[in-house]
Amino acid sequence: YRDRENFQVLVQESETLNQLENQGLISIQSRFKSSDYASVEVLNDASTVFKQLSNSDTNEVDLNYRVKALNDDADDVLGGPKIRNNLGVNGSGITIAVLDTGVNSSHPDFQGRIVDQKDFTESNTVEDKNGHGTHVAGSALGDGSASSGQYAGTAPNASLISVKVLEESGSGNFADIINGTEYAADQDAEVLSMSLGGIATESPTAVIDAVKYARDRNSIVIAAAGNDGYYNTTSIPAAIEGAIAVGATN
């Protein structure tokens, strides 16, 4: 390390940190509850700081990298502008059912286009108390009103059916998914969007039948492949024949 002033690192806790702070070489910004690390700002004489740390019982020092929001380019990654501008497709005349934690019905991006809301959980409200459902619905069909058009969804003219199958915690069960799938299909939704899933040794017949029920009524069933990557299997209902499993965009 070269001598640099006022940069931050994540350092494993040790008595040396307190000694360095008492010497005025560092400032301990915060200590974490979830680990034995602290956020530290190096004030001066970085070479002395790291020499003392290397001779202490501190096992690891990491740069405190800065992060940035990555939502800004989601619409471009999904091909939204190309679909809307080049193909003239914007969701007009299409109804999308989002099976999730519900949606925030007062959100400006959905005004005048929520045609139905249904709750299959025990939360006693159709509103989104988690945020995930509103996020998913916005990616699919938000019109960007809340952001002056900057964060429009892929199909901003589509109508929305919000089917709440996940509780405030973001969890649910296959029974609620089945009920929600059947309900959305019965409402003639052209697209069923499920950014959810579960892992089982094999797909339950009842869930398979629910997907078939929707497909037989000309509904397209789209579900998340899951967040477990190589180390696990595709989640259910995405793994079921007839459903379209969606994974990473790149």
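1 is the number of the first residue of the sequence shown in my numbering; add one for each residue after it.
Backbone N, C-alpha and C define an ideal beta-carbon position, used for all residues, glycine too.
On a predicted model such as this, the values are computed, not experimentally measured, just so you know.
Candidates the options, of which the one nearest residue i by Cα
i           : options               : result
residue 93  : 156, 179 and 124      : 156
residue 143 : 221, 107, 32 and 164  : 107
residue 150 : 235, 81, 99 and 11    : 81
residue 210 : 127, 55, 164 and 184  : 184
residue 224 : 216, 233 and 217      : 233
residue 15  : 62, 57 and 122        : 57
residue 227 : 119, 26 and 195       : 195
residue 174 : 131, 237 and 98       : 237
residue 148 : 214, 109, 168 and 12  : 109
residue 160 : 91, 205 and 168       : 91
residue 193 : 17, 31, 40 and 245    : 245
residue 146 : 168, 218 and 111      : 111
residue 189 : 49, 239 and 213       : 213
residue 26  : 116, 132, 44 and 217  : 44
residue 275 : 115, 12 and 97        : The question about residue 275 has no answer, for the chain in this structure spans 1 to 250.
residue 83  : 243, 240, 115 and 140 : 140
residue 158 : 178, 113 and 128      : 113
Residue environment, residue i, which counts as buried when at least 16 other CB atoms sit within 10 Å
i           : result
residue 24  : exposed
residue 170 : exposed
residue 59  : exposed
residue 166 : buried
residue 20  : buried
residue 69  : Legend: pLDDT at residue 69 = 32, less than 50; position of this residue unreliable, no value from coordinates given.
residue 247 : exposed
residue 88  : exposed
residue 162 : buried
residue 205 : exposed
residue 2   : Note on residue 2: pLDDT 41, under 50, position unreliable in the model; the coordinate value appears next. Counting Cβ neighbours within 10 Å, residue 2 comes out exposed, since fewer than 16 surround it.
residue 216 : exposed
residue 35  : exposed
DSSP bridge partner residues for residue i (one or two, in chain order)
i           : result
residue 236 : 198
residue 222 : 193 and 244
residue 10  : 39 and 62
residue 208 : Paired residues: none, contrary to the question.
residue 97  : 161 and 192
residue 30  : 39
residue 89  : Beta-bridge pairing links residue 89 to no other residue.
Residue j beta carbon less than 9 Å from that of residue i
i           : j           : result
residue 52  : residue 29  : no
residue 199 : residue 235 : yes
residue 153 : residue 138 : yes
residue 46  : residue 10  : no
residue 86  : residue 134 : no
residue 79  : residue 118 : no
residue 176 : residue 121 : yes
residue 102 : residue 124 : no
residue 42  : residue 17  : no
residue 164 : residue 100 : yes
residue 95  : residue 221 : no
residue 126 : residue 98  : no
CB contact check: residue i to chain C, cutoff 9 Å
i           : result
residue 113 : The structure shown has no chain C; it contains just one protein chain.
Kindly provide the ranges of any beta strand (DSSP E) runs that are 3 or more residues long and lie completely inside the segment 158–197, ordered along the chain.
159–164 and 191–194
With a floor of 3 residues, list each beta strand (DSSP E) that falls wholly inside the segment 37–66, ordered by position along the chain.
37–42 and 61–63
Any chance you could list the alpha helix (DSSP H) runs of at least 4 consecutive residues sitting entirely within the segment 109–165, in chain order?
132–141
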